[in-house]
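Just so you know, my numbering puts 2 at position 2 of the sequence shown, and the rest follows in order with no gaps.
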Amino acid sequence: MTRAMGAAMRRIHVGNALSAFGLGFTVPYLYVYVAQVRGLGAMTAGLVLAVFAVAALIVLPFAGRAIVRRGPLPVLLTALVTAAVGSLGLGLAGNAPAVLTAAAALGAGQAVMQPALATMIVDSSTSETRSRAFATQFFLQNLGLGVGGLIGGHLVDTTRVSSFTLLFAIEAAMFLLLAVVMSTVRLPHAPRVGDVPQSARGGWKQMLGNRAMVQLCVLGFVLFFACYGQFESGLSAYGVEAAGISTSALGTALAANTAMIVVAQFAVLKFVERQKRSRVIAAVGLIWAVAWVVAGYAGLGHGSQAMATAAFVSTYALFGLGEAMLSPTVAPLVADLAPAGLAGQYNSAFALVKQLALAVGPAVGGPMGASLPAPYVVTFLLFSLGITYLALRLGRRLTAVQDQPWLVRNRVVARGGAAVEPVGAEA
């Protein structure tokens with residue numbers, strides 16, 4: 001990595017931490033703010049959460065092409081200003097139309113930030129340093145969310161609208177501060193759409209012809225559906241209804257998830273960097289299958305309440321271990337599957353898959369977790385085992401370097417003496 005790339009990466013990581021810190025201030029309290037503090041009711045609060053998902057699904061198909069054509073930095077700055085306007089609008093909105101409009105702006109801005117920042121990380125890293133860069137990003141995001149949520153919880157007062165207005169104003173300030181920091185980033189030259197050979201400019205059609213990327217998107221949907229899509233919906237409903245978990249214990253479980261990521265991230269990275277990416281993802285499926293078995297004991301094992309609570313907290317910790325293994329694996333793989341100049345398109349496509357899973361996951365898991373505890377656990381246990389199957393199947397379609405990027409460093413000749421294939425080659 002060059003000195004310029006290192007300087008750019010440091011600013012990107014600072015920006016990621018600031019963004020997560022701002023989101024941590026407001027995300028846990030959004031429902032309470034809309035439904036109770038503003039007195040707009042549960043229906044409007046539910047619509048706000050739906051608007052976040054819909055806005056993301058609308059803008060992400062266009063974001064990838066914009067990143068490819070204009071570069072990630074202008075797109076990121078636009079997204080940050082949009083998110084800041086949306087956040088401040090939420091803090092000041094007093095009626096349903098204003099709240100929903102502000103939520104749409106915030107949701108769209110947040111959604112576009114993800115692939116733009118991911119593409120900046122790709123442009124500022126090499127295949128040898130990319131896993132560590134994405135692991136650091138994930139670590140800082142979780143640390144920022146945790147610290148932001150902790151501080152925000154001490155600032156809010158459900159009897160005072162002004163306390164929530166302050167919270168959203170701080171979030172907006174974080175986005176604007178991030179825009180200032182990002183505007184100082186000088187990215188190394190990366191290929192843009194004009195530099196890419198004509199054969200690689202097919203956009204969505206070209207990407208859908210990359211069967212390895214299509215398989216990774218299917219795998220990604222299952223990953224986000226079976227884990228992230230259950231955290232604050234199905235799994236929490238299951239814990240409260242089936243396992244009798246208190247709200248304070250639920251908070252402890254979420255904290256255990258974040259703590260596991262923060263503690264384990266770089267220890268796990270040393271192991272993950274030397275393994276095949278497909279096998280790491282397959283191992284995550286097995287770890288999450290164990291997590292669902294432990295969750296089953298918490299709700300269906302008929303043990304003491306203390307044992308049920310300990311098992312439920314352990315479930316979230318096991319999910320955190322899996323997340324720490326995925327962060328240096330999946331995002332770099334998306335980048336390595338993308339032809340030169342099209343990383344933004346591929347990152348946006350994968351972000352779109354994530355948003356779809358996060359929209360469908362709570363809708364399916366929430367009702368099941370609350371009313372059908374045994375089928376809920378069995379269903380998501382099977383989904384976790386499905387992750388293992390899909391990951392091993394994906395591994396057969398990846399090139400040697402896509403699955404084992406450390407081969408580039410060692411110049412190891414893999415697969416029967418054949419020359420190592422270039423990163424981004426079609427599978």
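All C-beta atoms in this analysis are idealised placements derived from N, C-alpha and C, irrespective of residue type, glycine included.
Query: Run of the alpha helix (DSSP H) containing residue 236, from where it starts to where it stops; Result: 234–241
Query: Supposed close pair residue 26, residue 168 - CB separation, criterion 8 Å; Result: 6 Å
Query: Euclidean distance between Cα positions of residue 160 and residue 40; Result: 15 Å
Query: Backbone CA spacing between residue 244 and residue 208 [nearest angstrom]; Result: 45 Å
Query: Own chain partners of residue 404 with C-beta closer than 6 Å, once the 5 adjacent residues on each side are dropped; Result: 276
Query: Rounded Cβ spacing between residue 165 and residue 91 (contact assumed at less than 8 Å); Result: 4 Å
Query: C-alpha distance - residue 406 paired with residue 96, whole-angstrom precision; Result: 52 Å
Query: Alpha-carbon spacing of residue 35 relative to residue 178, whole angstroms; Result: 30 Å
Query: Cβ distance (whole Å) where residue 367 is taken to contact residue 132 below 8 Å; Result: With a Cβ gap of about 40 Å, residue 367 and residue 132 do not count as contacting.
Query: Between the CA atoms of residue 307 and residue 291 - distance to the nearest angstrom; Result: 15 Å
Query: Simplified DSSP assignment, three categories, for residue 245; Result: coil
Query: Residue 387 classed as buried or exposed, judged by whether at least 16 other C-beta atoms fall within 10 angstroms; Result: buried
Query: Proximity of residue 355 and residue 53 at Cβ, strictly below 8 Å; Result: yes
Query: Short Cβ contact (8 Å threshold) for residue 369 with residue 234; Result: yes
Query: Alpha carbon of residue 31 to alpha carbon of residue 242, nearest angstrom; Result: 23 Å
Query: 8 Å Cβ cutoff met for residue 171 and residue 87; Result: yes
Query: Nearest neighbour of residue 102, chosen from 48, 357, 300 [CA to CA]; Result: 48
Query: Close Cβ partners of residue 428 (< 8 Å) along its chain, the five nearest in sequence each way excluded; Result: The structure shown does not extend to residue 428, since the chain spans only 1 to 427, so no value can be given for it.
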